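Remarks on the structure that follows.
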Amino acid sequence: RRRSQSGRCANSRGPSELLRYAGRPEEALASIDDALKRTPFPPQWFWVIRAKILLELRRYGEVVAALDNMPKKDHPAWLTLAAAHDHLGHAALAAHALAKARELRPSISSRELIAVNPYAHRDALKPLLDGLRNAGLPE
């Protein structure tokens, strides 16, 4: 692992993910925003984490803005973007983003997302799952 100037591992997900999964999205957002301020060239996954936190906070326009920082999106970024666009009423953009995610991970389903996200409170997944179901993600 590469070390940052602070001595922490630069690719460690750190407290933002822990706070997010513990049901403390406001603190998670403050944590990732602090990391973004301290990192002149943040890894792309910082933006995905920030976007997921913003989605949980139902700040959908900010989700889109965060993911605009990623020139090459992975399937979690596309899924998050699809859900945000659905909540913003952008059905065509939501369908497009979901199609891009499924190109990268054809087997993705709501069931898989529930299984791989270790939230203390399952209702935190509601904005993601509702948006993706509306966009056409299978159960």
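Just so we're aligned, residue 1249 is where the sequence shown starts under this note's numbering, counting upward by one. Just so it is clear, CB atoms sit at the ideal spot from N, CA and C, and this is done for glycine as well. Keep in mind it's a predicted model, so treat the numbers as computed, not measured.
- In the three-state reduction of the DSSP assignment, N1365 falls in the coil class, being assigned neither a helical nor a strand state.
- For H1344, the secondary structure class from DSSP, reduced to helix, strand or coil, is helix.
- The residue from G1262, D1322, L1336 and R1268 with its alpha-carbon nearest to that of R1370 is R1268.
- Here S1357 carries a coil assignment [DSSP, helix/strand/coil].
- Sequence-distant Cβ neighbours of A1383 in its own chain, meaning closer than 6 Å and more than five residues away, are A1330, D1334, A1342, A1343 and L1346.
- Looking only at L1284, W1293 and I1301, the smallest Cα-Cα distance to K1321 is reached by W1293.
- The residues I1301, E1304 and L1305, in chain order, have a CB closer than 7 Å to that of P1273 in the same chain once the five nearest residues on each side in sequence are set aside.
- When DSSP states are grouped into helix, strand and coil, R1307 belongs to the coil group.
- A direct Cα-to-Cα measurement between V1312 and T1328 gives close to 9 Å.
- Counting only residues of its own chain and dropping the five nearest sequence neighbours on each side, I1280 has a CB closer than 7 Å to the CB of S1264, F1294, I1297, R1298 and I1301.
- Runs of the alpha helix (DSSP H) lying entirely within the region 1262–1292, each at least 4 residues long, are 1262–1269 and 1273–1286 in chain order.
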